[in-house]
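Residues 21 to 559, numbered by our numbering, are exactly what the sequence shown covers, in order.
Even glycine gets a Cβ: it sits at the ideal position worked out from N, Cα and C.
Computed from a predicted model, the values in this text were never measured in an experiment.
Beneath this line is the structure, given in structure tokens, with notes to follow.
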Amino acid sequence: MGGGGGGDGRRRRQSAGGGGGGGGSGWRRNGSAAAKEQRLRLGKEELLESRLGFAPYTDGERRLGWLLSFSPSSWEDEDTGKIYSCVDLYFVSQDGSTFKVKYKFRPYFYAATKDKMELEVEAYLRRRYEGEISDVEIIEKEDLDLKNHLSGLKRKYLKLQFDTVQQLMRVKNDLLHVVEKNEEERDAAEAFETIHGVKRTERTQDYINCIIDLREYDVPYHVRFAIDNDVRSGLWYDVSVSGSDVLIQRREDLLQRAEVHVCAFDIETTKLPLKFPDAEYDSVMMISYMIDGQGYLIINRECVGEDIEDLEYTPKPEFEGYFRVKNVPTEAVTKAKLGYNPLEVNPEDMVRFAMEQPQAFKACIICPNKHQADLEKFYNNRLLESETYIGGHVECLETGVFRSDLPTKFQLDPSAYEQLIGNLDRDLQYAIAVEGKLDVDSVINYDEVKDAIKEKLVSLQDNPIREERPLIYHLDVAAMYPNIILTNRLQPPSIVTDVDCTACDFNRPGKNCLRKLEWVWRGETYMAKKKYILQIYGL
């Protein structure tokens, strides 16, 4: 996993493994065969990685390593024979040697319960999933969905920890069905109240019915490890191993990356017009790869009419590219030469936004679940047919065909230039101090530059009707909506209603915390009211 900087030099110690006993009968029988298969797979992986130079570092003096990558794995407790999840960390030493360590880390997710039911639900989950859940903690997290979360109000969550990712998946899948069932029952109760105007009498419920939500259950295991321990690839760490404990500490004084072998490759394929390549029928035309500056090009002669000679492609002097070309008769040979059978991935799926939330983790914020559109929504007690908004749009300055060598007539707005002249000092100081990161007092020709700019602005203001050869600029607004979202901080919790404001402690006369945007919601509704719709559903 590639990684950026970060880290504060704090020591990171692994979570202790252990906990749990025998599981339920069905899971225990299936788990025995799965554990045996997993041991065989782990043995093969360890042997292969040792042959590739990444021998396990299990004891000895502290070592300095540049974190090359990390991936989820497993380890077996020699005393008990039990399998635990861990993360394999792959390091490169300063002398070029390589090693890896197994960092034990418990996977987990959060469960929310009804108010003041945390202890009862915790005890119930420990009994129901004995042998699956290794530990349960009650912790407080800042929930941005709470109406008054800005006042410091926090919500209690159950942190369910497991020894293996497989245990987490089994319990998560089971509890997701429980949460869905509980949500359906709440909706049915609301529908009863809407139709009859009275609340339905609540019957005594099992503790399992008090679980109302699951959070952060879909964060990949190795990503969870990196977020919680503030570990990133591409940084130097001191690594110590004592028994089964691994301790890593960031070395912020070392900035130069390790001398590693770099392999980059690209695959060109045939494809239909305006379509992505499809592995079912598209062929590999050529594969280019480069190892430590030496390039290689494999040509599939089924797609290319003639043999290609060795070639050079040097886009910049610092990026020399000398390619040895190998012409092969078929696609199968082309793939075999690289030793890699490519997995076709849609480019839209390659980058996942919001995969990592390290800032939110440090602020002790519970991450919201991925948004799922409601199957049906109501507005003013009427079923919505469709909804959209009116607001953001691309401003068209002027359309036409322009050339920089043909004079064009311009009609300027003098008041706009008056505003620019009035804000000239502010804009220059912002450019110097914020964008240039310089001290304004250190600029010796400030007045000279200011006067030159002001003179041009005054000239444009005094002569608004002009005929000039235009300077043609291309304004790219392809990312307009993401920029609007980031600039105005339009994450879902920031968009509030009167109900949110009423519950907020900061809702006082003269408040300036709201920024009203001139966006209008537009929806089309059916004529039937909500209670009639619910009667049709039989609720």
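Tell me I231's beta-bridge partners as DSSP assigns them.
Position 211 of the sequence shown, counted from the first residue, corresponds to residue 231. DSSP lists T133 as partners of I231.
For H192, the three-state DSSP class (helix, strand or coil)
Numbered from 1 along the sequence shown, position 172 holds the residue referred to as residue 192. The amino acid at residue 192 is misidentified as His; the sequence shows Lys. K192 falls in the helix class under three-state DSSP.
Would you mind sorting S91 into buried or exposed? The rule is 16 or more other CB atoms within 10 Å of its CB.
Sequence index remark: in the sequence shown, residue 91 carries index 71 (1-based). When all chains shown are included, S91 counts as exposed.
With distances taken Cα to Cα, identify the nearest neighbour of M547 among T289, L404, F526 and M306.
By one-based count along the sequence shown, residue 547 stands at place 527. It is L404 whose Cα lies nearest to the Cα of M547.
Could you check the C-alpha separation between T545 and T517 for me, to the nearest Å?
For the purposes of this step, residue 545 is identified with residue 525 of the sequence shown, where counting begins at 1. For the purposes of this step, residue 517 is identified with residue 497 of the sequence shown, where counting begins at 1. When rounded, the distance between both Cα atoms is 20 Å.
Roughly how many angstroms separate the alpha carbons of H242 and N401, rounded to a whole number?
Here residue 242 refers to the residue found at position 222 of the sequence shown. Here residue 401 refers to the residue found at position 381 of the sequence shown. Near 45 Å, if we compare the C-alpha coordinates of N401 and H242.
Where D445 and K470 are concerned, what is the direct C-alpha to C-alpha distance, given to the nearest angstrom?
Walking along the sequence shown from the start, residue 445 turns up at place 425. Walking along the sequence shown from the start, residue 470 turns up at place 450. Approximately 8 Å between the Cα atoms of the pair.
Residue environment, I386, which counts as buried when at least 16 other CB atoms sit within 10 Å:
Here residue 386 refers to the residue found at position 366 when the sequence shown is read from its first residue. By the neighbour-count rule (16 or more Cβ atoms within 10 Å), I386 is buried.
Beta-bridge partners of K344, as assigned by DSSP
Taking the first residue of the sequence shown as 1, we reach residue 344 at position 324. The displayed chain sequence assigns Arg, not Lys, to residue 344. According to DSSP, which records beta bridges pairwise, R344 is partnered with Y316.
Roughly how many angstroms lie between the CA atoms of D273 and A132, to the nearest whole one?
As a position in the sequence shown, residue 273 is number 253, starting the count at 1. As a position in the sequence shown, residue 132 is number 112, starting the count at 1. Straight-line Cα distance between these residues: approximately 42 Å.
Distance cutoff 9 Å, beta carbons only. Does S462 sit that close to anything in chain C?
Although the question refers to chain C, the structure presented lacks it and comprises just one protein chain.
Measuring only the C-alpha atoms, how far is G283 from G254?
Residue numbering aside, residue 283 sits at position 263 when the sequence shown is read from its first letter. Residue numbering aside, residue 254 sits at position 234 when the sequence shown is read from its first letter. Checking the displayed sequence, the identity of residue 283 turns out to be Cys instead of Gly. When rounded, the distance between both Cα atoms is 16 Å.
I158 (DSSP reduced to helix, strand or coil)
The residue you call residue 158 lines up with position 138 of the sequence shown. Three-state DSSP puts I158 in a strand.
Based on DSSP bridge pairs, tell me the residues matched to L448.
Stepping through the sequence shown from its first residue, residue 448 is reached at position 428. Answer by DSSP bridge pairing: none, since L448 is not bridged.
Option in C106, E81 and T100 with minimal Cα separation from S93:
Against the sequence shown, residue 93 aligns to sequence position 73. Closest option to S93, Cα to Cα, is C106.
Pull up the distance between the alpha-carbon of R148 and that of Y77, whole angstroms please.
Counting from 1 along the sequence shown, the entry for residue 148 is found at position 128. Counting from 1 along the sequence shown, the entry for residue 77 is found at position 57. Going from the Cα of R148 to the Cα of Y77 covers about 38 Å.
Pull up the distance between the alpha-carbon of L491 and that of P427, whole angstroms please.
Mapped onto the sequence shown, residue 491 falls at position 471. Mapped onto the sequence shown, residue 427 falls at position 407. Approximately 10 Å, taken between the alpha carbons.
Let me confirm a value: K124 is counted as buried when at least 16 other C-beta atoms fall within 10 Å, else exposed. Which label applies?
In the sequence shown, counting from the first residue as 1, residue 124 sits at position 104. Buried.
In whole angstroms, what separates the C-alpha of T290 from that of I318?
In the sequence shown, residue 290 corresponds to position 270, counting from 1. In the sequence shown, residue 318 corresponds to position 298, counting from 1. Those two C-alpha atoms are separated by around 15 Å.
Exposed or buried, which one is D467 when buried takes at least 16 other CB atoms within 10 Å?
Walking along the sequence shown from the start, residue 467 turns up at place 447. With fewer than 16 other Cβ atoms within 10 Å, it is exposed.
Where the alpha helix (DSSP H) through L477 begins and ends
For the purposes of this step, residue 477 is taken as the residue at position 457 of the sequence shown. Run containing L477: Y466 to D482, per the alpha helix (DSSP H) assignment.
Could you tell me the distance, in whole angstroms, from the CA atom of D165 to the CA atom of T507?
The residue labelled residue 165 in the question sits at position 145 within the sequence shown. The residue labelled residue 507 in the question sits at position 487 within the sequence shown. When rounded, the distance between both Cα atoms is 21 Å.
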